[in-house]
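To start, the structure under review is shown below, and the notes come after it.
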Amino acid sequence: MVCAVQAIPYEKIKDQFKKGERISIVTCNTCTRSQEAGGAKLMEEIAGLLVKDVGVDVVEEIVLTTGCNADYYDHADPSDDVDKILCLGCWAGWTVIKKKFPNIPVVAGVRTLGIPAASAMLKVVAPKEVEL
Amino acid sequence: MIVVLRSMDYEQLKEHIVEADRIILWSCNDCTKYSNLGGRENLDALAKALEKDGYNIIHQEIIGVGCQPPLIRLRSKHPATKEIFAEATVLIVLACTDGFLKTQKVFKKMRVIQVGESVGLGVYSKAEGMKLVIPLEETGLPPSIEGYTLEEAAKKLGKKAGPLV
Numbered sequence: 001m002v003c004a005v006q007a008i009p010y011e012k013i014k015d016q017f018k019k020g021e022r023i024s025i026v027t028c029n030t031c032t033r034s035q036e037a038g039g040a041k042l043m044e045e046i047a048g049l050l051v052k053d054v055g056v057d058v059v060e061e062i063v064l065t066t067g068c069n070a071d072y073y074d075h076a077d078p079s080d081d082v083d084k085i086l087c088l089g090c091w092a093g094w095t096v097i098k099k100k101f102p103n104i105p106v107v108a109g110v111r112t113l114g115i116p117a118a119s120a121m122l123k124v125v126a127p128k129e130v131e132l
Numbered sequence: 133m134i135v136v137l138r139s140m141d142y143e144q145l146k147e148h149i150v151e152a153d154r155i156i157l158w159s160c161n162d163c164t165k166y167s168n169l170g171g172r173e174n175l176d177a178l179a180k181a182l183e184k185d186g187y188n189i190i191h192q193e194i195i196g197v198g199c200q201p202p203l204i205r206l207r208s209k210h211p212a213t214k215e216i217f218a219e220a221t222v223l224i225v226l227a228c229t230d231g232f233l234k235t236q237k238v239f240k241k242m243r244v245i246q247v248g249e250s251v252g253l254g255v256y257s258k259a260e261g262m263k264l265v266i267p268l269e270e271t272g273l274p275p276s277i278e279g280y281t282l283e284e285a286a287k288k289l290g291k292k293a294g295p296l297v
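Chains as they are written, first to last, in my numbering: chain V, 1 to 132; chain L, 133 to 297.
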């Protein structure tokens, strides 16, 4: 289950949004939460900061048990009436959102480092447009 | 989720064991189950096939998440299972690469056989099953938002997908 992830610095995330944009935030409650790169608490913090610092309109926040299970995202019935989506999940979770909403920009707020193999790290390939 | 494929088939697995072995079958019930390699049903099927072929399966163990050392260690020490693990000679592991390596580290006194292999990150849905979307660099495959089915990924990587039997 566990992939290795790293939180993107807030300043970099902030730069991806503009005043007045309607956004939703999606986070995973497994790998990213356990590595302090996602989860409900961090999502609340980032949402609050983006409202205060940038002036976005956070219209929806979604916590998924696992962001890489597309059924969970479907079940959350996410809104498509947003300008951008911030994904606080790994890159697999990012593809779940991108597949459902190919025309909405999805900002990856988490960097995926790879898959652990005992003490080694097996690196994964980054999708285009995912690196901030 | 980790996408787990395999390099061996059932006949190759049998080359690693003998009839005198006391064998435990072990499966992760998370990524490896979603990759249709592990899980209760696949473990049962494997046990039946091996028993039919004359092998001595003394136990089957399902672990919720197979890459967590505390959970693995618990199995080796738990009163309900520690004696069984102490008498086994072989552990056949249906798990990702990480799960296999961590299991091998805990059960040092027996032969631990790796069946599964991590090939990247996947997305699961009931309608489409597991799909590989973020491959490992070493595979040479590009990422895919649509995803590769397990069969497609296995074909491209020269591996096998799905249950052993």
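The beta carbon of each residue, even a glycine, is placed where N, CA and C say it ideally should be. For clarity, every value in this text was computed on a predicted model and none was experimentally measured.
Exercise. When burial is assigned at 16 or more other CB atoms within 10 Å of the CB, is L:K241 buried or exposed?
Worked result: On the second sequence, residue 241 of chain L is found 109 positions in, with the first residue counted as 1. Classification for L:K241: exposed.
Exercise. Residues of chain L with CB under 7 Å from V:D71, in chain order?
Worked result: Position 71 of the first sequence, counted from the first residue, corresponds to residue 71 of chain V. Taking a Cβ-Cβ threshold of 7 Å, the residues of chain L close to V:D71 are S257 and K258, in chain order.
Exercise. How would you list, in chain order, the residues of chain V whose beta-carbon sits under 7 Å from the beta-carbon of L:V265?
Worked result: Taking the first residue of the second sequence as position 1, residue 265 of chain L is located at position 133. The answer, in chain order, is A92 and T95.
For this session: May I have the straight-line CA-CA distance separating L:V247 from V:A76, to the nearest angstrom?
Result: Working through the second sequence from its first residue, we reach residue 247 of chain L at position 115. Working through the first sequence from its first residue, we reach residue 76 of chain V at position 76. One C-alpha to the other measures close to 35 Å.
Exercise. Can the beta-carbon of V:G89 be found less than 7 Å from the beta-carbon of V:C28?
Worked result: Locating residue 89 of chain V in the first sequence gives position 89, counting from the first residue. Locating residue 28 of chain V in the first sequence gives position 28, counting from the first residue. It is a contact, given that the beta carbons lie within the stated cut-off.
Exercise. Alpha carbon to alpha carbon, what distance is there between L:K288 and V:I85?
Worked result: Here the question's residue 85 of chain V lines up with position 85 in the first sequence. Here the question's residue 288 of chain L lines up with position 156 in the second sequence. Cα-Cα distance, rounded: 32 Å.
Problem set entry | CB of L:T229 within 7 Å of CB of L:E249, strictly | Here residue 229 of chain L refers to the residue found at position 97 when the second sequence is read from its first residue. Here residue 249 of chain L refers to the residue found at position 117 when the second sequence is read from its first residue. For the pair L:T229 and L:E249, the CB atoms are nearer than the 7 Å cut-off.
Exercise. Relative to the C-alpha of L:Y280, which residue among L:G290, L:M262 and L:K291 is closest?
Worked result: Looking up residue 280 of chain L in the second sequence gives position 148. Considering only L:G290, L:M262 and L:K291, the residue with the shortest C-alpha distance to L:Y280 is L:M262.
Problem set entry | First through last residue of the alpha helix (DSSP H) which encompasses V:T27 | Locating residue 27 of chain V in the first sequence gives position 27, where the first residue counts as 1. Careful: V:T27 lies outside any alpha helix (DSSP H), inside the beta strand (DSSP E) at R22 to C28.
Exercise. Beta carbon of L:L169, beta carbon of L:V136: below 7 Å?
Worked result: Looking up residue 169 of chain L in the second sequence gives position 37. Looking up residue 136 of chain L in the second sequence gives position 4. Yes, the Cβ-Cβ distance between L:L169 and L:V136 is below 7 Å.
Exercise. Counting only beta-carbon atoms, is L:P275 nearer than 7 Å to chain V?
Worked result: As a first step, residue 275 of chain L must be located in the second sequence, where it is residue number 143. Closer than 7 Å to some Cβ of chain V, the Cβ of L:P275 qualifies, so yes.
Exercise. Taking Cβ to Cβ, would you say V:L49 is nearer than 7 Å to V:V56?
Worked result: For the purposes of this step, residue 49 of chain V is identified with residue 49 of the first sequence, where counting begins at 1. For the purposes of this step, residue 56 of chain V is identified with residue 56 of the first sequence, where counting begins at 1. Contact flag unset, no.
For this session: Starting from L:E206, trace the alpha helix (DSSP H) both ways and give me its first and last residue.
Result: Taking the second sequence and counting its residues from 1, the one referred to as residue 206 of chain L is at position 74. The sequence given here places Leu at residue 206 of chain L; Glu does not occur at that position. First-last of the alpha helix (DSSP H) with L:L206: P201 to K209.
Exercise. Would a check of beta-carbon distances place L:I204 closer than 7 Å to chain V?
Worked result: Counted from its first residue, the second sequence places residue 204 of chain L at position 72. Not an interface residue.
Problem set entry | Collapsed DSSP secondary structure at V:D57 in the structure displayed | Position 57 of the first sequence holds residue 57 of chain V. Residue state, collapsed to three classes: strand.
For this session: Check the Cβ of V:I115 against every Cβ in chain L and list those closer than 8 Å, keeping chain order.
Result: Against the first sequence, residue 115 of chain V aligns to sequence position 115. Result: I134, C228, T229, D230, S250, G252, L253 and L268.
Exercise. With a Cβ-Cβ cutoff of 7 Å, do L:L223 and L:V244 count as a contact?
Worked result: Position 91 of the second sequence, counted from the start, is the residue given in the question as residue 223 of chain L. Position 112 of the second sequence, counted from the start, is the residue given in the question as residue 244 of chain L. Contact flag set, yes.
Exercise. Can a CB atom of chain V be found closer than 7 Å to the CB of L:L76?
Worked result: Coverage of chain L is limited to positions 133 through 297, which leaves residue 76 of chain L absent and any answer about it impossible.
Problem set entry | Min CB distance L:L223 to chain V below 7 Å | On the second sequence, residue 223 of chain L is found 91 positions in, with the first residue counted as 1. False, the Cβ-Cβ gap to chain V never drops below 7 Å.
For this session: Using alpha carbons as the reference points, say which of V:L122, V:V82, V:V5 and V:W94 lies closest to V:L64.
Result: Against the first sequence, residue 64 of chain V aligns to sequence position 64. The residue with the shortest Cα to Cα distance from V:L64 is V:W94.
Exercise. So is L:A285 buried or exposed if we call it buried at 16+ other beta carbons inside 10 Å?
Worked result: For the purposes of this step, residue 285 of chain L is identified with residue 153 of the second sequence, where counting begins at 1. Buried, because 16 or more other Cβ atoms sit within 10 Å of the Cβ of L:A285.
For this session: Find the residues of chain L that neighbour V:T112, judging by a C-beta separation of less than 9 Å, and give them in chain order.
Result: In the first sequence, the residue the question calls residue 112 of chain V occupies position 112. The CB of V:T112 comes closer than 9 Å to the CB of L253 and I266 in chain L, given here in chain order.
Exercise. Over what stretch of residues does the beta strand (DSSP E) that includes L:V222 continue unbroken?
Worked result: Numbered from 1 along the second sequence, position 90 holds the residue referred to as residue 222 of chain L. For L:V222, the enclosing beta strand (DSSP E) begins and ends at V222 to L226.
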